[in-house]
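Okay, structure first, notes after.
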Amino acid sequence: MTDFYDKALEKFANGEINLSEDDIKPVLLDVADYAWDKATDEFLADIPSAARVAIGPNLTGKTTTAGVFDATSPYAFSAVTGDPCEAVAYFKDTGDPATSPLLSYHDSAVSGLPVTPNGGDINIIFDWIFKL
378 MTDFYDKALE KFANGEINLS EDDIKPVLLD VADYAWDKAT DEFLADIPSA ARVAIGPNLT
438 GKTTTAGVFD ATSPYAFSAV TGDPCEAVAY FKDTGDPATS PLLSYHDSAV SGLPVTPNGG
498 DINIIFDWIF KL
């Protein structure tokens, strides 16, 4: 499943998120520690820290064409350790998890998941990230 967090759609509609200019990052998730709730989850802090296995660097090569948001793929998380990862979420990084809006949640259509970290890099591959 790939879907938007409801609050992200509000932020898109209000012009609070600029995919081309904002720092957009993915976070690898352990779903054993996180029950996705598209209606109420709004910020990265709404995902328990135990579920946030790894936060990657800013996406590069970002494009928005015909409503499709994309970035350079494959995308690498470096030297990942921790619990198994079954999903990825994207968020706008403000520097504070309490104010970093969640954008979308993906537990399928992402090549490379699920994965069990072993201290090495984890690459995820996507055709595109999401379509507005």
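So the number in the numbering used here is just where the residue sits in the sequence shown, counting from 1, plus 377. Cβ coordinates follow ideal geometry from the N, Cα and C atoms, glycine included.
Short of 6 angstroms in beta carbon distance, which residues of its chain neighbour residue i, apart from the five on each side in sequence? Order them along the chain.
i: K388; result: I394 and P478
i: I424; result: Y411
What residues match up with residue i in a beta bridge as DSSP calls it?
i: L406; result: R429 and A464
i: F454; result: I499
Please state whether DSSP places residue i in a helix, a strand or coil.
i: L479; result: strand
i: A412; result: coil
i: K388; result: helix
i: D380; result: strand
i: A422; result: helix
i: V492; result: strand
i: T449; result: coil
i: I506; result: coil
i: I394; result: coil
Using the Cα positions of residue i and residue j, report the straight-line distance between them to the nearest angstrom.
i: T417; j: G497; result: 34 angstroms
i: W505; j: T437; result: 13 angstroms
i: S488; j: G392; result: 31 angstroms
i: E419; j: Y382; result: 7 angstroms
i: D407; j: G444; result: 29 angstroms
i: D447; j: G472; result: 22 angstroms
Between residue i and the rest of its own chain, which residues show a CB-CB distance below 8 angstroms, the 5 nearest in sequence each way excluded?
i: A456; result: G496, G497 and D498
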